[in-house]
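In my numbering, the protein residues as written are 53 to 247. Ideal placement from N, C-alpha and C gives every residue a C-beta, glycine not left out.
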Amino acid sequence: MTTPTSNRTRRFSLPDLGDDGVDEAIEAFLRGPEDPRGQASRRDWTRQRANHMAPLWSPAAWMEALVRESDRSLRYGRPAAVLIVKGQPLTATAEAQEWLGRVAAPIAHAVRRGVRETDLATETGQATFQVLLPETTEREAIRAAERMVADCEIWLRATDAPIRVISAVAGTAPGIMLEGTLARAQEEIRSARLV
Numbered sequence: 053m054t055t056p057t058s059n060r061t062r063r064f065s066l067p068d069l070g071d072d073g074v075d076e077a078i079e080a081f082l083r084g085p086e087d088p089r090g091q092a093s094r095r096d097w098t099r100q101r102a103n104h105m106a107p108l109w110s111p112a113a114w115m116e117a118l119v120r121e122s123d124r125s126l127r128y129g130r131p132a133a134v135l136i137v138k139g140q141p142l143t144a145t146a147e148a149q150e151w152l153g154r155v156a157a158p159i160a161h162a163v164r165r166g167v168r169e170t171d172l173a174t175e176t177g178q179a180t181f182q183v184l185l186p187e188t189t190e191r192e193a194i195r196a197a198e199r200m201v202a203d204c205e206i207w208l209r210a211t212d213a214p215i216r217v218i219s220a221v222a223g224t225a226p227g228i229m230l231e232g233t234l235a236r237a238q239e240e241i242r243s244a245r246l247v
């Protein structure tokens, strides 16, 4: 491409920067701030977390987050939901109980893969997991639970495990705190019977 020739002086032009570190500065800006403790920056952590498995929260930290989200949900009238995913033996035998211990880690894997960055998951018992879903309607939570259960059913059938994975979902309703929603989901899980 040829450049037009003109006798007029340019009013606006960029100086020739050469190799003065501009590319490195742009790359550093895109990477985000560096953590002074030598850890990955928050932006890198979020990207890594979105591409890999989300961490499980401790039950105590999860309950604190539930209380905070309950207050926020009531204050602003925003939806929130709780879902529970649980491995359940198909028979009351020692072999089925043993299988329950084996499938706890794969169920945790399916739950951790199925949550969004804003969701919080915790293990509350053997092969039992609770997930707090802020800004989520009950219908959306049901779809998330169905995906997690379907993910588990594939390998449960392949291994012929005497276990099934069940789920319960409860969403917020006007004037009901998330603690009540959690109690409703827990009651639904407890009342699930073997097929």
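Inspect the beta-carbon positions of residue i and residue j and report whether they are closer than 7 Å.
i, j, result
"residue 216", "residue 142", "yes"
"residue 184", "residue 108", "no"
"residue 113", "residue 230", "no"
"residue 204", "residue 241", "no"
"residue 111", "residue 176", "yes"
"residue 135", "residue 193", "yes"
"residue 214", "residue 148", "yes"
Indicate the three-state DSSP secondary structure (helix, strand or coil) for residue i in the structure shown.
i, result
"residue 228", "coil"
"residue 198", "helix"
"residue 183", "strand"
"residue 108", "strand"
"residue 233", "helix"
Would you call residue i buried or exposed, if buried means 16 or more other Cβ atoms sit within 10 Å of its Cβ?
i, result
"residue 178", "exposed"
"residue 223", "buried"
"residue 226", "exposed"
"residue 153", "exposed"
"residue 103", "Low confidence applies to residue 103: its pLDDT is 35, below 50, so where it sits in the model is not reliable, and the reading given next is rough at best. With fewer than 16 Cβ atoms within 10 Å of its Cβ, residue 103 is classed as exposed."
Please name the residue in the options whose C-alpha comes closest to that of residue i.
i, options, result
"residue 238", "180, 207, 198", "180"
Kindly examine the ligand NAP and report whether one of its heavy atoms sits closer than 6 Å to the Cβ of residue i.
i, result
"residue 161", "No copy of the ligand NAP appears in this structure; indeed no ligand is present at all."
Q) Would the region 161-168 and the region 120-130 be scored as touching if the rule is three or more Cβ pairs under 8 Å? A) No, because fewer than three Cβ pairs between the region 161-168 and the region 120-130 fall closer than 8 Å, the two stretches do not touch.
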